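Comments concern the structure below.
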Amino acid sequence: MGIIDTIAILISLAAIFSYINYRYLKIPSTIGLLAIALLMSLGIVVLGKMGFPIETHAKTLLKGIDFNEALMQGMLSALLFAGALHVHLEELAKQKWVVAILASVGVIASTFMVGYASFYIFGFLGLDIPLIYCLLFGSLISPTDPIAVLGILKTVGASKSLETKIAGESLFNDGVAVVVFLVLLSFVGGSHGDQGALDAMGVAKLFGQEAIGGAIFGYVIGYITFRMLASIDNYQVEILLTLGLVLGGYALASAFHLSGPIAIVVAGLMIGNKGRKYAMSDKTREHLDNFWELIDEILNAMLFVLIGLEVLVLTFDSQYLLAGAVMIPVVLLIRFISVGVPVSILKLSHSFTPKIVRILTWGGLRGGISIALVLTLPAGQEREALLVITYVIVIFSILVQGLTVGKLVKSAG
9 MGIIDTIAIL ISLAAIFSYI NYRYLKIPST IGLLAIALLM SLGIVVLGKM
59 GFPIETHAKT LLKGIDFNEA LMQGMLSALL FAGALHVHLE ELAKQKWVVA
109 ILASVGVIAS TFMVGYASFY IFGFLGLDIP LIYCLLFGSL ISPTDPIAVL
159 GILKTVGASK SLETKIAGES LFNDGVAVVV FLVLLSFVGG SHGDQGALDA
209 MGVAKLFGQE AIGGAIFGYV IGYITFRMLA SIDNYQVEIL LTLGLVLGGY
259 ALASAFHLSG PIAIVVAGLM IGNKGRKYAM SDKTREHLDN FWELIDEILN
309 AMLFVLIGLE VLVLTFDSQY LLAGAVMIPV VLLIRFISVG VPVSILKLSH
359 SFTPKIVRIL TWGGLRGGIS IALVLTLPAG QEREALLVIT YVIVIFSILV
409 QGLTVGKLVK SAG
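In the numbering used here, the protein residues as written are 9 to 421.
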């Protein structure tokens, strides 16, 4: 099946599921799409057991989709840009230490805590997964996904400072986590397999090149695009320039071995703030916002439908499912620690929303990027096990945490 047919099927399913959710379920869009897709997958499995060939066709379709490629090289750049476009730099500057520490120290601390905890837990459950793979699991499960929770926070009237903390952390920790993942992956092969084992200096250099280089590159391409936007007044051309910035900038960053996610977030902040204020007319601003909001909605819909359908091609071993269930509270506890310690220290000089640690812990949803990263691992038993474990955590996170975090925010208000 060709790529056009695949996209047509995903968009058609997303449209139908969105209608069902809006008309009947009335729950947050991304959560509703995932729930309906999971129910559809269950229905396909049941029909397959009854002798209908639909399960075979569905699996063939899904096996033809490279989830990692679709998200990491396709959707992610646009999703990150759309998110960064609406983060106000003045508000972000007020929260800079909170966001910076949670997105860097928090992610790295979480990576190692989850990694070592999972190594011993997996061993106790009879799963022989090497420590380096457990650390990789820690890095891919640590980044939080802003997509579902931000919509909920706006619905319940969360404060701007709380929105900025969660959005800022989520946008930047995606990029940091990808860099940490790539550094760890260099020890076992994969996309950086030619580097072999790295020493401490090599790790620092790779991290600096990816993260700091990505931020500088993002600033440069964002500034160039800003100057181009400021020199014209034609919303069609200006929207096209931002689209070129997102797709071309991400591809160039990857080609230069820089962090594409970090580059696009920095560029998005530049266009969303300086560009919006000094380089756009009111008409351009309105059309640009509408365009990227629509792109964001379409890609999110396709992504969450795809996550729900991926259940059809997983190997559901009982040991893997048990390990996933056990790791849910472990990951939440480590999230609580990695958020709670920095916030407790920062409370000495900053004011915070009541119950902020609980909100950041429960609102730190895991999403598509975790699944995309685990699919990057070399093929083998470790990958199969970690894929199912990651999937279990992601589904719980989106369905259970996503549907209840709004009540937590309301109770804090």
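For every residue, glycine included, the Cβ atom is placed at its ideal position computed from N, Cα and C.
All values reported here derive from a predicted model rather than from experimental measurement.
As assigned by DSSP and simplified to three states, the class of residue i
| i | result |
| --- | --- |
| I15 | helix |
| K213 | helix |
| P386 | coil |
| M236 | helix |
| F180 | helix |
| A166 | coil |
| H200 | Note on H200: pLDDT 43, under 50, position unreliable in the model; no value is reported. |
| N298 | helix |
| F344 | helix |
| I379 | helix |
| V334 | helix |
| S118 | helix |
| M424 | Only positions 9 to 421 of the chain appear in the structure, and residue 424 is not among them; the question remains open. |
| R374 | coil |
| P269 | helix |
| S37 | helix |
| L50 | helix |
| S262 | helix |
| S194 | coil |
| K363 | coil |
| A287 | coil |
| L356 | coil |
| Q244 | helix |
C-alpha distance - residue i paired with residue j, whole-angstrom precision
| i | j | result |
| --- | --- | --- |
| L100 | S167 | 13 angstroms |
| Y286 | A238 | 7 angstroms |
| S26 | K363 | 33 angstroms |
| A125 | I272 | 33 angstroms |
| G252 | E246 | 10 angstroms |
| R31 | I377 | 29 angstroms |
| V339 | L255 | 33 angstroms |
| V349 | D297 | 37 angstroms |
| A92 | D304 | 11 angstroms |
| G414 | F360 | 18 angstroms |
| I129 | F120 | 14 angstroms |
| A263 | G56 | 43 angstroms |
| A117 | V188 | 11 angstroms |
| K282 | S357 | 29 angstroms |
| I24 | V313 | 11 angstroms |
Nearest to residue i (by Cα), restricted to the options the options
| i | options | result |
| --- | --- | --- |
| A261 | E246, I35, I229 | I229 |
| P151 | V334, I379, E63 | I379 |
| I224 | R374, L266, L253 | L266 |
| T68 | I52, S178, L79, M288 | I52 |
| A175 | V211, L253, I116, L88 | L88 |
| I12 | E63, A43, I73 | I73 |
| A45 | F234, D182, F344, M310 | M310 |
| Y243 | W300, F312, G123 | W300 |
| G371 | P269, F195, L93, D153 | D153 |
| N308 | A86, K57, M48 | A86 |
| T369 | S346, V107, Y231 | S346 |
| F344 | A331, R366, I353 | R366 |
| I342 | F75, T38, I62, G123 | G123 |
| E171 | V95, G10, I315 | V95 |
| A66 | L416, P337, V321 | V321 |
| F404 | A333, T64, E392, K355 | A333 |
| E218 | M236, G114, Y258 | Y258 |
| S352 | E63, P61, I109 | I109 |
Neighbourhood of residue i by C-beta distance below 6 angstroms, restricted to the same chain and skipping five residues each side
| i | result |
| --- | --- |
| G204 | Confidence in G204 is poor, its pLDDT being 48 and thus under 50, which makes the residue's placement too unreliable to answer from. |
| V382 | L148, L394, L395, T398 |
| L33 | G40 |
| F127 | L139, C142 |
| G221 | L266 |
| K173 | Q103, V106 |
| S112 | V184 |
| V428 | Lying before the first or after the last residue shown, residue 428 is absent from the chain, which here runs from 9 to 421. |
| L214 | V191 |
Residues of its chain near residue i, where Cβ-Cβ distance is below 8 angstroms and the 5 sequence neighbours each way are ignored
| i | result |
| --- | --- |
| S199 | Residue placement at S199 cannot be trusted, given a pLDDT of 45 that sits under 50; the coordinates are not used to answer. |
| I35 | N29, A43, L411 |
| D241 | S289, T292 |
| T14 | L69, G72, I73 |
| I306 | I19, A22 |
Close Cβ partners of residue i (< 7 angstroms) along its chain, the five nearest in sequence each way excluded
| i | result |
| --- | --- |
| P269 | L84, L88, D182, G183, V186 |
| S20 | none |
| Q327 | L133, G134, L135 |
| M278 | Y227, G230, Y231, F234 |
| V274 | A223, G226, Y227, G230 |
| D202 | Low confidence applies to D202: its pLDDT is 46, below 50, so where it sits in the model is not reliable enough to give any reading. |
| E392 | T323 |
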